[in-house]
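Novice:
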Amino acid sequence: MGSVRSVCRFREAIMAIADELGYFRDHEVHAASLLLWSEGIAGLPDPVERLEEPALVRRMCGIGADLQLTRLLQALVTAALAAGTEPGEGAAGMAEILRLACGLVEPGRARTTPAEVHRMPVAHLPAILRPASDAPDWGKAGYRAYDAELERVLRGEGPGAVRPCV
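In this note's numbering, each residue carries its 1-based index in the sequence shown increased by 1006.
#1: Applying the 10 Å Cβ sphere with the 16-neighbour rule, what's the burial state of I1120?
#2: Going by CA-CA distance only, name the one from T1118, R1011, A1019, E1092 that's closest to L1173.
#3: In the DSSP assignment, the alpha helix (DSSP H) including E1095 goes from what residue to what residue?
#4: From A1088 to A1141, what distance separates their C-alpha atoms?
#5: Looking at the structure shown, is R1051 part of a helix, part of a strand, or coil, going by DSSP?
#6: Please list the terminal residues of the continuous alpha helix (DSSP H) segment that includes A1138.
#7: Please classify G1148 as buried or exposed, where buried requires at least 16 other C-beta atoms within 10 Å of its C-beta.
#8: Would DSSP call H1033 helix, strand or coil?
#9: Assuming A1071 contacts V1111 under a Cβ cut-off of 8 Å, what Cβ separation, rounded to an integer in Å, is found between them?
#10: The alpha helix (DSSP H) spanning L1220 covers which residue range?
#11: DSSP state of A1147, grouped into three classes?
#12: Could you spell out the range, first to last residue, of the alpha helix (DSSP H) harbouring M1021?
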């Protein structure tokens, strides 16, 4: 969490909110909650009791984790831009946060890599980056700069190997 705090420049009081809400504590998760978490992408089985089947639970967990990882990356970039963290300063920290988050998805099994997470949000970016978007130009430029810098960091390339088009 220290990396998140650093990249996004969150104060201690902000970080305490997540702890107070219980996000960092173990809790029971029901299959119906997994259906919602995975946005129903796997579909609603008939009969609904099939939600408890191990194969469907694994599928919903995988889909939900992928969605959560892409949202984490988008939230990190958005918070870093809002905080004024330059891509050269924040991308390495974001890559480390993604490595840790991917490791939590399936410990011991690299199901999803940070590089894959970096590519997943492409489906969401047109709403932000298309010319007719309501996003401010500085926001579009910031997302493009972070995209290029994250790609460079995740590929292990040296400084300045990828340049965003702005």
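Heads up, the beta-carbon is just placed ideally off N, CA and C, and yes, glycines get one too.
Specialist: Let's see:
#1: It should be noted that the sequence gives Pro, not Ile, for residue 1120. Under this definition P1120 is a buried residue.
#2: This structure cannot speak to residue 1173, because the chain is shown only from 1007 to 1172.
#3: 1093 to 1111
#4: 13 Å
#5: Note that residue 1051 is Pro in the sequence shown here, rather than Arg. P1051 falls in the coil class under three-state DSSP.
#6: Counting along the chain, A1138 falls outside any alpha helix (DSSP H), and DSSP gives it neither H nor E.
#7: buried
#8: coil
#9: 5 Å
#10: In the structure displayed, the chain extends from 1007 to 1172; residue 1220 sits before or after that span and is not available.
#11: helix
#12: 1018 to 1026
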